[in-house]
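Colleague: What follows is a structure written as structure tokens; I'll ask about it next.
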Amino acid sequence: MNTPQLGIKANWQQFSLLVLVNAFVGGMVGMERSILPQLAKSEFHIAAKTALLSFIVVFGITKALTNYYMGALANKYGRKNLLVLGWLFGLPVPILLIFAPSWSWVLIANIFLGINQGLAWSSTVVMKIDLAGPKSRGFAMGINEAAGYLAVGAVAYWSASTADAYAIRPYSFYIGIVLSLLGLLMSLFLIKDTRRHVEVEAEKNAAPLLLHIFKDTSFRNPNLGSISLGGLVNNLNDGMVWGLFPILLISKGIRGEALAQIIAIYPLVWGLGQLFTGKLADHFAKKPLLFFGMFIQGMSILGFIWAHTFYQFATLSVLLGLGTAVVYPTFLAAIAENTHPSQRAQSIGVYRLWRDLGYALGAVLTGILADLWTLDTAIAAIGLITLLSAAVILWRMRPVS
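Numbered according to our numbering, the sequence shown spans residues 6 to 406.
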């Protein structure tokens with residue numbers, strides 16, 4: 006049996022296929038990102054912010070738990086098998102959303118979507134890190150996350166525009182049927198497992214084994230704990246943007262095409278920016294990158310409180326996207342840098358558990374604050390929490406020897 010070679014160039018065919026598959030995964034989220042808050046209000050007459058954001062809570066908790074189990078089971082059952090299983094859970098999502106007679110059906114659809122994202126996105130992340138090897142994992146993560154979030158932004162724009170031109174249902178969800186079928190077929194027939202690449206890297210890797218993967222990744226290891234907290238806060242603020250940003254824009258008189266454009270800017274900049282920021286994580290210390298990325302996020306979110314015009318919101322969305330683009334691939338590259346290859350999938354699973362619980366926590370926190378006080382109160386709280394996370398990274402992270 007030939008020994009697998011590490012590196013993006015040596016594995017460019019499989020790497021490219023995984024990039025395309027992850028774009029399909031991201032498109033599944035983009036399909037509903039810009040329109041579910043509108044669907045909740047227009048068709049199901051849900052006014053309370055806490056109830057409206059319940060779909061993000063369900064999605065976040067389901068995805069977080071699935072991430073954890075994907076990491077725990079990846080070595081036993083294989084990355085490819087979990088990727089295929091993820092797409093099987095993605096198939097019912099657009100059908101449920103098209104025919105949902107009540108909000109509970111939307112919540113069920115988001116349970117399936119959370120499982121789809123947890124299995125499929127996590128599998129592509131781990132498989133690309135396996136293929137890239139230690140010298141290019143930041144760049145690999147930049148490409149992976151860029152593909153996913155460019156697709157989120159592009160499909161979010163398409164869905165919002167389609168909903169504005171026609172109706173939210175059924176046309177805005179047709180693209181999900183196409184994406185889930187293509188993702189499943191490619192994963193079944195074109196993607197190969199990468200466990201042999203892990204074995205090759207493990208033979209040359211001197212990173213110490215973690216004594217307790219869950220505790221060390223969650224909080225006990227200063228680097229891994231800081232990364233897990235940062236990931237949680239990153240998705241906490243993304244959950245706020247996902248659920249409340251369309252409502253904030255509408256409250257300030259921004260609607261139609263302008264609304265669709267602003268909503269798409271943040272994930273598009275986030276996605277495109279990672280093509281460049283991922284490479285930074287291969288050449289520069291990860292601690293300052295993570296600090297400045299989280300700091301820019303926090304300041305941008307606070308700026309939404311005082312923004313009123315299209316150009317103000319567009320500028321802040323660009324800055325928020327840039328801050329997120331800096332930290333997203335760097336978080337994953339830093340997890341890989343601080344763990345042994347044999348424990349990498351499990352540690353990434355724990356990190357992604359905490360990161361995606363941020364969606365649920367962000368939706369609950371911002372919903373409660375917006376219902377009890379105002380949208381501005383919720384936005385201010387999330388912005389300050391993001392700045393606090395930047396301070397923790399600055400204080401706690403240590404250089405990797």
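Where is the CB? At the ideal position from N, CA and C, for every residue including glycine.
Just so we're clear, the structure is a prediction, and the values are computed from it rather than from any experiment.
Can you tell me the Cα-Cα spacing of Pro293 and Trp110, whole angstroms?
Modeller: Locating residue 293 in the sequence shown gives position 288, counting from the first residue. Locating residue 110 in the sequence shown gives position 105, counting from the first residue. Computed Cα separation, rounded: 43 Å.
Colleague: Could you tell me which whole alpha helix (DSSP H) segments of length 4 or greater appear in the segment 162-250?
Modeller: Taking only runs of at least 4 residues, the alpha helix (DSSP H) segments lying wholly in the segment 162-250 are 179-194 and 200-209.
Colleague: What's the C-alpha gap between Ile390 and Lys46?
Modeller: Position 385 of the sequence shown, counted from the start, is the residue given in the question as residue 390. Position 41 of the sequence shown, counted from the start, is the residue given in the question as residue 46. When rounded, the distance between both Cα atoms is 29 Å.
Colleague: Buried or exposed for Ala170, going by 16 or more other Cβ atoms inside 10 Å?
Modeller: Within the sequence shown, residue 170 is the residue found at index 165, counting from 1. With fewer than 16 other Cβ atoms within 10 Å, it is exposed.
Colleague: Since Gly119 and Phe64 are thought to touch, with beta carbons under 8 Å apart, how far apart are those beta carbons, to the nearest angstrom?
Modeller: On the sequence shown, residue 119 is found 114 positions in, with the first residue counted as 1. On the sequence shown, residue 64 is found 59 positions in, with the first residue counted as 1. Sure, about 5 Å apart at Cβ, within 8 Å.
Colleague: I'd like the list of long-range same chain contacts for Gly278, defined as Cβ closer than 7 Å, with 5 residues on each side in sequence excluded.
Modeller: The residue given as residue 278 occupies position 273 in the sequence shown. Closer than 7 Å at Cβ, skipping near neighbours: Gly326, Leu327 and Ala330.
Colleague: Taking the continuous alpha helix (DSSP H) assigned at Ser400, which residues delimit it?
Modeller: Here residue 400 refers to the residue found at position 395 when the sequence shown is read from its first residue. For the record, residue 400 in the displayed sequence is Trp; it is not Ser. Segment Leu380 to Arg401, the alpha helix (DSSP H) holding Trp400.
Colleague: Using CA coordinates, which residue listed in Pro139, Val62 and Ala125 is at the minimum distance from Ile116?
Modeller: If you number the sequence shown from 1, residue 116 lands on position 111. Among Pro139, Val62 and Ala125, the Cα nearest to that of Ile116 is on Val62.
Colleague: Under DSSP, the alpha helix (DSSP H) around Arg260 begins and ends at which residues?
Modeller: For the purposes of this step, residue 260 is identified with residue 255 of the sequence shown, where counting begins at 1. Looking at the DSSP string, Arg260 is not in any alpha helix (DSSP H), and its letter there is neither H nor E.
Colleague: Below 8 Å, can you find three or more Cβ-Cβ pairs linking the segment 124-134 to the segment 64-78?
Modeller: Touching, per the Cβ criterion.
Colleague: Assuming Asn239 and Val130 are in contact, meaning their beta carbons sit under 8 Å apart, how far apart are those beta carbons, in whole angstroms?
Modeller: Sequence index remark: in the sequence shown, residue 239 carries index 234 (1-based). Sequence index remark: in the sequence shown, residue 130 carries index 125 (1-based). That pair is no contact at about 15 Å.
Colleague: Whole angstroms are fine: how far does the CA of Tyr154 sit from the CA of Ser322?
Modeller: By 1-based counting over the sequence shown, the position of residue 322 is 317. By 1-based counting over the sequence shown, the position of residue 154 is 149. Straight-line Cα distance between these residues: approximately 14 Å.
Colleague: Can you tell me the Cα-Cα spacing of Ile232 and Ile340, whole angstroms?
Modeller: If you number the sequence shown from 1, residue 232 lands on position 227. If you number the sequence shown from 1, residue 340 lands on position 335. Near 7 Å, if we compare the C-alpha coordinates of Ile340 and Ile232.
Colleague: Heavy atom of the ligand MG less than 7 Å from the Cβ of Leu215, yes or no?
Modeller: This structure does not include the ligand MG; it has no bound ligands of any sort.
Colleague: Going by C-alpha distance, which of Asn7, Gln348, Ile51 and Leu190 is nearest Val89?
Modeller: Taking the first residue of the sequence shown as position 1, residue 89 is located at position 84. That would be Leu190, whose Cα lies nearest to the Cα of Val89.
Colleague: Out of curiosity, what's the CA-to-CA distance linking Gly12 and Pro346?
Modeller: Against the sequence shown, residue 12 aligns to sequence position 7. Against the sequence shown, residue 346 aligns to sequence position 341. Answer to the nearest angstrom: the Cα atoms are 15 Å apart.
Colleague: Of the choices Arg403, Arg360 and Gly248, whose alpha-carbon is the least far from that of Ala375?
Modeller: Taking the sequence shown and counting its residues from 1, one reaches residue 375 at position 370. The residue with the shortest Cα to Cα distance from Ala375 is Gly248.
Colleague: In or out: Pro213 buried (at least 16 other Cβ within 10 Å) or exposed?
Modeller: Here residue 213 corresponds to residue number 208 of the sequence shown, with the count starting at 1. Label assigned to Pro213: exposed.
Colleague: Please give the ranges of any alpha helix (DSSP H) in the segment 86-161, keeping only runs that are unbroken, at least 4 residues long and fully inside the region.
Modeller: Fully enclosed alpha helix (DSSP H) runs of 4 or longer: 97-104 and 108-137.
Colleague: So, for Gly372: in the same chain, excluding its five sequence neighbours on each side, which residues have a beta-carbon less than 6 Å away from its beta-carbon?
Modeller: Locating residue 372 in the sequence shown gives position 367, where the first residue counts as 1. If we look at Gly372 and ignore the five residues flanking it on each side, its Cβ neighbours are Lys54, Thr55 and Leu58.
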